[in-house]
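Participant: Handing you this structure, nothing more for now.
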Amino acid sequence: FNAIYNVCQLVNFAQGHFAMLAIVSWYFLIVVYKVPIAIALVIMIVVSMLFGVAIQFLVAEPLIRRKIPLVSLVIATLGAGLCAEGIAGIFTNFSILLIEPVFGYMTIKVGPVGLLMQYVLIYGCTVFLCFFYWWFLEKTWIGLRLRAVGVNAEMASLEGVNLNKIRCLAWCISAGICAIAGWLIGPLIQSSALVGLSLVIYGFVAAAIGGFRSSFGPLLGGILIGLLISFSRAYLHPAAGELAMFLALILILTFRPKGLIVA
Numbered sequence: 023f024n025a026i027y028n029v030c031q032l033v034n035f036a037q038g039h040f041a042m043l044a045i046v047s048w049y050f051l052i053v054v055y056k057v058p059i060a061i062a063l064v065i066m067i068v069v070s071m072l073f074g075v076a077i078q079f080l081v082a083e084p085l086i087r088r089k090i091p092l093v094s095l096v097i098a099t100l101g102a103g104l105c106a107e108g109i110a111g112i113f114t115n116f117s118i119l120l121i122e123p124v125f126g127y128m129t130i131k132v133g134p135v136g137l138l139m140q141y142v143l144i145y146g147c148t149v150f151l152c153f154f155y156w157w158f159l160e161k162t163w164i165g166l167r168l169r170a171v172g173v174n175a176e177m178a179s180l181e182g183v184n185l186n187k188i189r190c191l192a193w194c195i196s197a198g199i200c201a202i203a204g205w206l207i208g209p210l211i212q213s214s215a216l217v218g219l220s221l222v223i224y225g226f227v228a229a230a231i232g233g234f235r236s237s238f239g240p241l242l243g244g245i246l247i248g249l250l251i252s253f254s255r256a257y258l259h260p261a262a263g264e265l266a267m268f269l270a271l272i273l274i275l276t277f278r279p280k281g282l283i284v285a
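FYI, in my numbering the residues of the sequence shown are 23 to 285.
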């Protein structure tokens with residue numbers, strides 16, 4: 023959510039569908055067509071990015087130019103995501119996609135606990151992407167332009183910044199990161215064409231709790247809701263996890279609407 027929100031001031035509810043498209047693409051490339059992993063990874067990311075660019079140019083930009091209400095724009099992004107869900111469902115029949123983890127089912131010992139290597143890969147990639155994204159925004163001239171457009175698009179345009187290109191880049195970055203996220207978690211969840219909306223909900227709650235504008239806020243929010251859901255299921259009731267998550271969201275939006283970390 024962070025890249026698009028900072029540049030376009032838009033909460034994109036097709037965010038989880040970027041990851042869903044990556045999961046479906048990875049399934050067909052690896053499981054069905056046996057494409058080499060490196061090539062499949064590139065194609066998977068490109069597919070999600072192309073969908074992001076399509077939403078930007080076919081949905082977001084035309085509606086922004088017409089100055090429609092923000093709520094309508096958010097609903098339009100959700101509609102675009104559901105269209106992608108329907109298209110993916112045609113190819114997969116909405117069936118569960120069985121995807122093997124990158125390192126198979128190899129585990130490593132952490133004390134008395136065996137930890138699946140896929141989780142280690144997730145932790146490592148998450149930390150790396152967060153720091154790399156922060157560095158990109160803070161230390162590169164392209165990142166400076168992304169931030170400038172987010173702060174004042176009109177002034178940035180007067181300084182010679184191409185708003186369409188910068189917004190397109192923001193959508194590509196967001197879609198690319200989501201594609202990697204889908205690739206990482208796809209083998210660990212019940213992956214199907216229907217998974218996009220649930221990923222949107224969890225991602226939105228994490229970003230809202232941590233802070234939409236911060237590079238590290240959504241990471242903090244994700245860790246906190248993960249712990250909250252786990253403890254609620256363990257000590258309250260197996261079905262209490264999502265309830266606790268949404269109660270936490272309501273409290274954060276009530277008392278700290280900008281999130282725990284304010285950029």
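Where is the CB? At the ideal position from N, CA and C, for every residue including glycine.
Note that the coordinates shown come from a computational prediction; the quantities given were computed from them, not determined experimentally.
At the level of alpha carbons, what is the spacing between ALA203 and ALA36?
Facilitator: Roughly 14 angstroms between the two C-alpha positions.
Participant: Between which two residues does the alpha helix (DSSP H) holding THR148 run?
Facilitator: Run containing THR148: 139 to 161, per the alpha helix (DSSP H) assignment.
Participant: Just to confirm the assignment, what range does the alpha helix (DSSP H) spanning ILE26 have?
Facilitator: Run containing ILE26: 24 to 30, per the alpha helix (DSSP H) assignment.
Participant: From VAL183, PRO240, GLY232, LEU100, pick the residue whose C-alpha is nearest to that of SER220; which is it?
Facilitator: Checked all of VAL183, PRO240, GLY232, LEU100; the closest Cα to SER220 is LEU100.
Participant: Tell me whether the beta-carbon of ALA266 lies closer than 8 angstroms to the beta-carbon of LEU250.
Facilitator: Yes, they are a contact pair.
Participant: Residues bridged to ILE130 by DSSP?
Facilitator: Partner(s): LEU137.
Participant: Kindly indicate which three-state DSSP category GLN212 falls into: helix, strand or coil?
Facilitator: GLN212 falls in the coil class under three-state DSSP.
Participant: Can you tell me where the alpha helix (DSSP H) holding PRO84 begins and where it ends?
Facilitator: Segment 83 to 87, the alpha helix (DSSP H) holding PRO84.
Participant: So, do the region 251 to 260 and the region 64 to 80 have three or more beta carbon pairs nearer to each other than 8 angstroms?
Facilitator: Not touching, per the Cβ criterion.
Participant: From GLY146 to PHE153, what does the alpha carbon distance come to, in whole angstroms?
Facilitator: Each residue's Cα considered, the two are about 11 angstroms apart.
Participant: Apart from the five residues on each side of it in sequence, which residues of its chain come closer than 7 angstroms, Cβ to Cβ, to PRO240?
Facilitator: Same-chain partners within the cutoff: PHE23, ASN24, ALA228, ALA229, GLY232.
Participant: Please specify which runs of the alpha helix (DSSP H), each continuous and at least 4 residues long, are wholly inside the region 228 to 285, giving them in chain order.
Facilitator: Runs of the alpha helix (DSSP H) inside the region 228 to 285: 239 to 257, 262 to 277.
Participant: Along the chain, where does the alpha helix (DSSP H) that runs through ILE97 open and close?
Facilitator: Segment 92 to 114, the alpha helix (DSSP H) holding ILE97.
Participant: In the DSSP assignment, the alpha helix (DSSP H) including GLY198 goes from what residue to what residue?
Facilitator: 185 to 207 is the extent of the alpha helix (DSSP H) around GLY198.
Participant: Measure the C-alpha to C-alpha separation of SER214 and PHE73 and round it to an integer number of angstroms.
Facilitator: Near 18 angstroms, if we compare the C-alpha coordinates of PHE73 and SER214.
Participant: Can you give me the C-alpha to C-alpha distance between TRP205 and VAL124, rounded to a whole angstrom?
Facilitator: Taking the straight line joining both Cα atoms gives about 9 angstroms.
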